[in-house]
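**Student:**
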Amino acid sequence: MDLLGHSLIAGQRATGGPIFHAVNPATATRLEPDFHEATPLAVDQAMAAAEKAFPTYAACSAERRAALLEAIATAIEALGEPLLQRAHAETGLPLARLTGERARTCTQLRLFAQVVREGSWVDARIDPALPDRQPLPRSDLRLMLRPLGPVVVFGASNFPLAFSVAGGDTASALAAGCSVVVKAHPAHPGTSEMVGSAITRALQECDLPPGIFSLVHGGAAVGVALVKHAATAAVGFTGSHRAGRALFDAAAARARPIPVFAEMSSLNPLFLLPGALRDRAGELVRGLTASFTLGVGQFCTKPGIVFAVQGPELDSFVQLLAPSVQSTKCATMLTPDIGAAFANSLAKIVALPGIKLLATAPGAPDDRKSEGQPSVALTSGEYFLAHPELAVEVFGPFTLVVAVRSIEEMTACAQHLDGQLTATVHGLPAELAPAGPLLAELEQKAGRLIINGFPTGVEVCPAMNHGGPYPATTDTRFTSVGTAALLRFARPVCFQDFPDELLPPELQNTNPRQIMRLVNGALTRNPL
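Heads up, the sequence shown is in the numbering used here, so the first residue is 3 and it goes up one at a time.
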């Protein structure tokens with residue numbers, strides 16, 4: 003398809019606004035065409051269309067919502083190789099990685115369609131009337147989750163497909179019955195336009211209101227305008243702590259505050275117990291190197307810090323880790339700005355007097371190709387505890403090994419950490435049980451706990467949690483990956499003493515959708 007560089011407002015192209023361009027990070031060359039930032043009028047039109055379409059879409063049957071999600075997946079697949087080529091040009095990500103990401107994007111759309119069709123996600127609860135109860139009768143009470151309203155979604159830089167225009171936030175919001183306005187990430191506007199056009203075509207095929215989806219281009223000002231718009235009911239964001247916090251603050255400052263579900267920053271610490279270091283050093287080195295350099299260290303679950311007890315086991319591990327990192331290569335990062343930020347952050351850390359640079363990938367990174375240089379450094383637990391700046395994420399292929407004096411100091415370091423998406427412990431069976439205090443501390447710090455594995459690779463499934471305490475996210479109660487992600491965009495509504503015919507099908511006596519419901523405190527699919 004030909005790219006036009008316009009925002010898509012309820013199926014119509016919006017012109018005007020300042021011009022910007024995508025840049026190929028591997029060549030530092032400008033990509034065509036011109037892209038136009040959304041004007042304030044276009045932002046207002048997008049939100050007004052979403053607000054108008056929301057009641058109609060919220061009232062749609064589960065089957066129509068599911069069919070839309072499947073149609074979007076099919077339309078994305080129909081874009082074929084040109085979508086992958088454009089994403090490759092805009093992000094520098096390998097075609098093989100982008101092929102897998104496209105598959106994940108379409109798989110999660112179809113998974114949400116299954117969840118919507120089955121229907122039990124609405125958490126229907128029924129407490130029938132008790133007219134003869136003493137001393138007071140009980141009304142008929144029926145509760146279920148209902149769509150929240152128009153949702154603003156921000157595309158992520160590091161996943162141009164799976165966390166972007168048709169990514170998990172959009173898929174889960176549409177599944178919940180919400181209209182969606184996406185702010186495309188300015189680093190991959192062409193990829194965003196292609197996917198946005200696919201969603202628009204899917205809406206047409208499904209004969210649904212075009213205002214259910216809009217795509218706007220722009221920078222920080224456009225993003226803040228979307229968050230502040232009176233029609234916006236919730237926000238989904240994946241990106242930096244600085245940007246996520248700015249959106250969160252803007253939403254909280256509104257006359258009517260709204261929830262912001264922002265996934266922002268995580269070190270994803272690894273804790274290596276002595277027995278595991280002794281018996282599995284080579285395996286741990288291979289796994290760690292692969293994990294922290296995967297995608298040039300630009301995964302939100304990259305392990306950015308490793309804690310281990312001083313001793314010969316750690317010495318052997320470090321001796322193996324250095325050549326493992328030296329066997330890696332510099333590689334192109336997502337944007338020139340991200341590459342420069344990584345180089346700057348890395349230089350500041352290794353310049354600290356208590357930090358020893360252990361190894362880097364060979365050769366100097368090529369700034370013209372926005373390259374990041376895989377690197378690993380070493381410090382002590384005492385130095386780490388005294389320098390809070392070491393507990394801040396470095397976005398890119400870097401990890402810091404922290405040598406602690408004991409398991410107790412390791413636990414103290416865990417207490418020193420902010421909220422995390424993940425926390426991992428490697429240990430032998432005999433040493434995991436005594437590590438109970440460490441595991442208990444990590445349960446308070448992270449949304450996903452891992453034993454003898456690595457955090458990169460987030461499965462899209464019902465049991466996955468991709469969330470955690472602040473600053474990993476702004477709301478630790480929810481996940482942005484997996485089927486539970488749609489709970490972010492729904493709210494409970496209780497219907498009291500409603501005639502059966504006025505109730506949503508999920509709450510009617512006959513249970514026409516045959517979903518699982520909590521009736522008088524017991525789960526059942528039976529009718530009343």
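C-beta atoms are modelled at their ideal positions from N, C-alpha and C, and glycine is treated no differently.
Pick from A414, L111, G398: whose alpha carbon is nearest that of V404?
**Tutor:** In the sequence shown, residue 404 corresponds to position 402, counting from 1. V404 has its Cα closest to that of A414, out of A414, L111, G398.
**Student:** Classify P149: buried if its beta carbon has 16 or more other beta carbons within 10 angstroms, exposed otherwise.
**Tutor:** Locating residue 149 in the sequence shown gives position 147, counting from the first residue. It is buried - the Cβ of P149 has at least 16 other Cβ atoms within 10 Å.
**Student:** Mapping the DSSP letters down to three states, classify D36 as helix, strand or coil.
**Tutor:** For the purposes of this step, residue 36 is taken as residue 34 along the sequence shown, with counting starting at 1. Three-state result, D36: strand.
**Student:** Excluding the 5 residues flanking S141 on each side, which residues of the same chain have their C-beta closer than 8 Å to its C-beta?
**Tutor:** In the sequence shown, residue 141 corresponds to position 139, counting from 1. Closer than 8 Å at the Cβ level, and outside the excluded window around S141, lie A131, Q498, D499.
**Student:** Going along the chain, which unbroken runs of the alpha helix (DSSP H) with 4 or more residues stay wholly within the stretch 149 to 210?
**Tutor:** Entirely contained in the stretch 149 to 210, the alpha helix (DSSP H) runs reaching 4 residues are, in chain order, 170 to 178, 191 to 207.
**Student:** Roughly how many angstroms lie between the CA atoms of P20 and A186, to the nearest whole one?
**Tutor:** Start at 1 with the first residue of the sequence shown, and residue 20 comes out as number 18. Start at 1 with the first residue of the sequence shown, and residue 186 comes out as number 184. In a straight line, the C-alpha of P20 is about 15 Å away from that of A186.
**Student:** Tell me, to the nearest whole angstrom, how far the beta carbon of F456 is from that of P305; I am working on the premise that it is less than 8 Å.
**Tutor:** Your numbering for residue 456 matches position 454 in the sequence shown. Your numbering for residue 305 matches position 303 in the sequence shown. So it is a contact: roughly 7 Å between Cβ atoms.
**Student:** Using DSSP bridges, identify the partner residues of E373.
**Tutor:** The sequence position of residue 373 within the sequence shown is 371, counting from 1. Answer by DSSP bridge pairing, in chain order: T334.
**Student:** Would D171 be called buried (16 or more neighbouring beta carbons within 10 Å of its own) or exposed?
**Tutor:** Residue 171 sits at position 169 when you count from the first residue of the sequence shown. The residue is buried, with at least 16 neighbouring Cβ atoms inside 10 Å.
**Student:** Is the stretch 289 to 300 close to the stretch 472 to 489, with three or more CB pairs under 8 Å?
**Tutor:** With a cut-off of 8 Å, the stretch 472 to 489 and the stretch 289 to 300 do not count as touching, because too few Cβ pairs lie within range.
**Student:** Less than 7 Å between C-beta atoms, sequence neighbours within five positions excluded: which residues of the same chain meet that for G365?
**Tutor:** Here residue 365 is taken as the residue at index 363 of the sequence shown, counted from 1. Within the same chain, G365 has close Cβ partners C332.
**Student:** Starting from H23, trace the beta strand (DSSP E) in both directions and tell me its first and last residue.
**Tutor:** Here the question's residue 23 lines up with position 21 in the sequence shown. Here the beta strand (DSSP E) through H23 covers 21 to 26.
**Student:** How far does the beta strand (DSSP E) with T362 in it reach, from first residue to last?
**Tutor:** Here residue 362 corresponds to residue number 360 of the sequence shown, with the count starting at 1. It spans 358 to 362 - the beta strand (DSSP E) in which T362 sits, taken as one unbroken run.
**Student:** Taking the alpha carbon of N26 as the reference point, which residue from A40, V182, G341 has its own alpha carbon closest?
**Tutor:** For the purposes of this step, residue 26 is taken as residue 24 along the sequence shown, with counting starting at 1. Residue G341 is the option with its Cα nearest to N26.
**Student:** Throw me the rounded Cβ distance for the L440 and F273 pair, which I believe falls under 8 Å.
**Tutor:** The residue given as residue 440 occupies position 438 in the sequence shown. The residue given as residue 273 occupies position 271 in the sequence shown. Yes, L440 and F273 are in contact; Cβ-Cβ is about 6 Å, under 8 Å.
**Student:** Quick one: complete beta strand (DSSP E) runs, 3+ long, within the stretch 252 to 317?
**Tutor:** Taking only runs of at least 3 residues, the beta strand (DSSP E) segments lying wholly in the stretch 252 to 317 are 262 to 265, 272 to 274, 307 to 311.
**Student:** Tell me the residue span of the beta strand (DSSP E) that contains L525.
**Tutor:** Along the sequence shown, read from residue 1 onward, the residue named residue 525 stands at position 523. Unbroken beta strand (DSSP E) run through L525: 524 to 526.
**Student:** Drop a sphere of 10 angstroms on the beta-carbon of I201, count the other beta-carbons inside from all chains shown, and report buried for 16 or more, exposed for fewer.
**Tutor:** Locating residue 201 in the sequence shown gives position 199, where the first residue counts as 1. With 16 or more other Cβ atoms within 10 Å, it is buried.
**Student:** So M518 and S242 are supposed to be a Cβ contact under 8 Å. How far apart are they, rounded?
**Tutor:** Here residue 518 refers to the residue found at position 516 of the sequence shown. Here residue 242 refers to the residue found at position 240 of the sequence shown. With 8 Å as the limit, M518 and S242 do not qualify as a contact, their Cβ atoms being about 40 Å apart.
**Student:** Can you tell which of P501, F397, E503, P338 has the C-alpha that lies nearest to the C-alpha of A371?
**Tutor:** The residue you call residue 371 lines up with position 369 of the sequence shown. The sequence given here has Lys at residue 371, not Ala. Cα-wise, what sits closest to K371 is P338.
**Student:** Determine, using beta carbons only, whether L86 and R106 come nearer to each other than 8 Å.
**Tutor:** As a position in the sequence shown, residue 86 is number 84, starting the count at 1. As a position in the sequence shown, residue 106 is number 104, starting the count at 1. In this structure, R106 does not lie closer than 8 Å to L86 by Cβ.
**Student:** I'd like to know whether the C-beta atoms of S268 and A474 end up nearer to each other than 8 Å.
**Tutor:** Residue 268 sits at position 266 when you count from the first residue of the sequence shown. Residue 474 sits at position 472 when you count from the first residue of the sequence shown. Contact: yes.
**Student:** Go ahead and pull the three-state DSSP assignment for H90.
**Tutor:** In the sequence shown, the residue the question calls residue 90 occupies position 88. H90 falls in the helix class under three-state DSSP.
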